[in-house]
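Our numbering puts the first residue of the sequence shown at 18, with every later residue one more than the last.
From the three backbone atoms N, C-alpha and C, an ideal C-beta is built for every residue, glycine too.
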Amino acid sequence: MPIKILKPHKLNQPWFTHEVSNAIKIRGKLHNRWRRNPTDHNWAEYRTARNRATLITNHAKRAYYESRLNSSLPPKTLWKNLKSVGVGNRKSKTCPVDADVLNKFFLSSLNSNTSRHSFTVNDNLVFNPESRFNFSMCTESDVFECFKAIQSNAIGEDGISLKFLKIIIAYIIGPLTHIINFSLTSRKFPKLWKVANIIPVEKKKNAAAPEHYRPISILSTLSKIFEKFIARQIVNHLKTHKLLTEYQSGFREKHSCTTAMLKIVEDIREKYDKGEITILVLLDFSKAFDSLNFETLLIKLEKYFGFDAFAVELMRSYLTERLQCVIINNNKSSFEPINSGVPQGSILGPILFSMFINDIVKCCHNVSIHLYADDAQIYLSRPIGLVEDLVVRINEDLSRISDWAKNNSLILNASKTQALPISHCSFDVNNVPEIILDNKTVQFELNVTSLGFKLNRRLDCSDHVNNTVSKIYATLRSLWATASYIPEATKLRIVRSLIIPIISYGAQVYGNLDSASKCKLQLALNNAARYIFNKRKYDHISNYAKEILNCDINSYFNKLNLIYLFKLIHSNVPEYLFAKLSFVQSTRTRNLVTPTFNYLVSSRTFFVSAVKLWNSLPNSTKQSPNLKLFKLAIDDLFC
């Protein structure tokens with residue numbers, strides 16, 4: 018028989034009711050009659066039927082989606098239904114690389130770093146307490162607490178989901194506790210829990226080569242419970258003995274990208290006000306998590322962090338004899354052994370890497386350094402007339418950092434390392450001596466992106482706000498397609514979940530925004546209000562925009578800064594930020610000393626603008642006993 022290609026009709030939508038079907042059939046019959054006999058009477062009847070069919074269809078769509086996307090639904094159910102109609106759901110692209118090819122590429126970058134020279138121990142960092150660290154046994158309550166802390170629903174190679182474990186946890190808690198305790202006493206991490214399914218994630222759009230992908234490990238949920246128990250003991254040991262440098266902000270409680278950048282920006286601001294030039298260098302480590310050498314890490318755990326022989330042996334078992342395969346579109350590669358690196362997606366991996374990179378701060382004799390996992394920023398300030406001395410000192414420390422990286426089997430990527438000169442005074446970067454890393458010149462940039470923040474040579478927020486506004490409009494473009502049939506209350510919830518976090522990110526770093534930046538953000542917020550309330554381009558929107566934040570944009574940023582300042586005052590964490598606050602002698606007012614500043618840009622930064630706001634608050638508000646009451650108090654002031 019000859020092959021005939023048929024184009025199937027679109028499947029009926031869930032909202033396609035019998036009433037909609039009848040209205041469309043009547044519309045079709047009247048349209049055919051008008052085409053055969055194009056009189057005014059037939060056209061009027063067709064037009065009436067067409068309008069009625071459109072009205073019934075829209076009503077059916079609206080009724081269906083209002084029931085499916087009602088804002089009163091539980092959050093998980095609502096977002097699942099939203100994703101089913103394409104809201105907040107990124108289009109998944111097919112990876113063009115073969116699974117086995119990609120797996121071999123990932124492993125080649127991992128296993129190529131196994132044969133290296135021996136690691137040199139720094140005797141000044143050797144841990145010498147009376148008692149060394151070892152893992153303690155767990156109880157059923159400990160295991161249950163760790164189980165409750167697991168949030169990921171990803172299913173590992175064993176096929177056991179978190180939902181299934183929630184059903185049977187009461188029956189398996191005893192045997193699971195026994196398995197964990199047996200692993201602790203035998204110092205053997207279960208082999209079946211060391212198998213990872215790798216999901217490749219694009220580093221950039223339209224990726225077509227293996228080097229454009231990052232491996233994310235999907236591990237067994239049972240493995241995560243064991244890792245969580247181990248991680249809690251390690252973190253408690255690090256806190257007790259204060260073994261991690263205070264300038265490591267990655268994966269630590271009450272530390273974040275925001276706190277790291279706030280520290281860096283405030284340090285630079287202080288020198289900026291004095292008329293000095295600061296050079297900020299963003300170091301780039303190539304595949305840092307994947308290049309971590311097992312033996313070097315184990316030596317550091319023993320020498321620098323006080324792990325005893327039994328604890329080191331358990332960590333050796335955890336790190337070694339791991340297997341991985343890559344899964345692309347349900348195609349699975351063969352399993353291959355891993356000889357270096359910590360799994361990206363594990364609970365222990367980030368903690369172990371923070372411990373591994375901890376001693377890099379000892380290389381910085383001249384510059385200041387701040388770390389967020391494998392992101393390292395170094396910076397140094399000098400008067401304009403001492404630029405040459407400034408670059409010489411930076412190059413000296415860069416040379417030490419390069420030697421440290423080689424000794425620790427990490428690779429510094431000089432081509433991706435960036436330098437940003439920051440100064441209020443005008444200067445020509447062509448006259449600034451070259452910054453050298455591994456015999457390569459580090460380029461001076463007009464602006465850089467660090468931890469999601471845009472910094473420029475003027476230390477203002479213009480570039481960051483432009484980037485933020487671009488993200489908001491991109492998100493709104495993806496939402497407009499479904500705007501007509503999503504209920505208003507649900508759209509408000511969507512905007513508060515997807516748009517407001519974009520606006521809020523970096524609010525503390527840049528403190529009080531300038532009028533031009535506020536205007537740009539307000540216009541973006543107005544467009545979000547048009548999406549929610551179905552308003553046209555030239556409709557008055559200001560009052561509707563206020564409903565999103567429950568206040569204007571200026572008050573919203575003031576509230577964010579005050580809330581963060583309240584948390585910092587009451588928690589004293591991070592220490593490197595709390596140290597920048599000074600209280601006046603009078604304890605009655607709880608006022609803070611306002612930092613001195615010389616330039617308008619400096620007056621808008623957090624530690625100047627937020628302190629001024631704090632001092633203007635009533636004493637009763639500043640003395641609020643907890644955060645909840647403080648938020649209510651400032652809501653009354655700003656809303």
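Residue pairing by DSSP places L340 opposite V212, P354 in a beta bridge.
When the Cα atoms are used, Y81 and W32 turn out to be separated by approximately 6 Å.
Under the three-state reduction of DSSP output, Y81 falls in the helix class. Annotated three-state conformation of L579 is helix, per DSSP. Using a Cβ-Cβ distance cut-off of 8 Å, the segment 611–623 and the segment 279–299 are in contact, since at least three pairs of beta carbons, one from each stretch, lie closer than that value.
Under the three-state reduction of DSSP, T94 is assigned to helix. Taking every protein chain shown into account, the CB of H258 has fewer than 16 other CB atoms within 10 angstroms, so this residue is exposed. By the Cβ neighbour-count rule, K93 is exposed, with fewer than 16 other Cβ atoms within 10 Å of its own. One thing to note: L179 has its Cβ within 8 Å of the Cβ of T238. DSSP links Y396 through a beta bridge to L297, S385. When only Cα atoms are considered, N447 and V404 end up about 12 Å apart.
Boundaries around Q460 are those of the beta strand (DSSP E), 457–461, since no alpha helix (DSSP H) includes it.
With fewer than 16 other Cβ atoms from the protein chains shown falling within 10 Å of its own Cβ, I185 counts as exposed. Residue state for F444 is assigned as coil, using DSSP reduced to three classes. By the Cβ test, the segment 554–562 is not in contact with the segment 595–605, since fewer than three Cβ pairs between them sit closer than 8 Å.
Per DSSP, the continuous alpha helix (DSSP H) segment holding P192 begins and ends at 179–203. When DSSP states are grouped into helix, strand and coil, N589 belongs to the coil group. Under the Cβ criterion (8 Å, minimum of three pairs), the segment 476–492 does not count as touching the segment 577–590.
Taken in chain order, the complete alpha helix (DSSP H) segments of 4 residues or longer contained in the segment 459–512 are 479–497. Counting along the chain, R231 sits inside the beta strand (DSSP E) bounded by residues 230–235. Three or more Cβ pairs drawn from the segment 244–252 and the segment 358–372 lie within less than 8 Å of each other, which places the two stretches in contact. The Cβ atoms of A546 and K552 sit closer than 8 Å to each other. Looking only at I549, P207, V218, G267, the smallest Cα-Cα distance to F243 is reached by P207. Rounded to whole angstroms, the Cβ separation of A77 and L47 is 20 Å, and the two are not in contact under 8 Å.
Counting along the chain, A596 sits inside no beta strand (DSSP E), nor does DSSP assign it H or E at all. Short of 6 Å from the beta carbon of E451, and not among the five residues preceding or following it, lie these beta carbons of its own chain, in chain order: T458. C381 is positioned such that its CB atom lies closer than 8 Å to that of D414. Secondary structure of N348 (DSSP, three-state): strand. Note that the segment 114–128 does not touch the segment 504–520; fewer than 3 beta-carbon pairs, one per stretch, sit closer than 8 Å. When the beta-carbon positions are compared, Y230 and I296 stay at least 8 Å from each other. For A61, the secondary structure class from DSSP, reduced to helix, strand or coil, is helix. Beta-bridge partners of Q265 (DSSP): L388.
V526 places its beta carbon 8 Å or farther from that of A436. Under the three-state reduction of DSSP output, F614 falls in the coil class, being neither helix nor strand.
Pairing F583 with L644 gives a Cβ-Cβ distance under 8 Å. Non-local beta-carbon contacts of Q341 in its own chain, meaning distances under 6 Å to residues more than five positions away in sequence, involve A213, I215, I355 in chain order.
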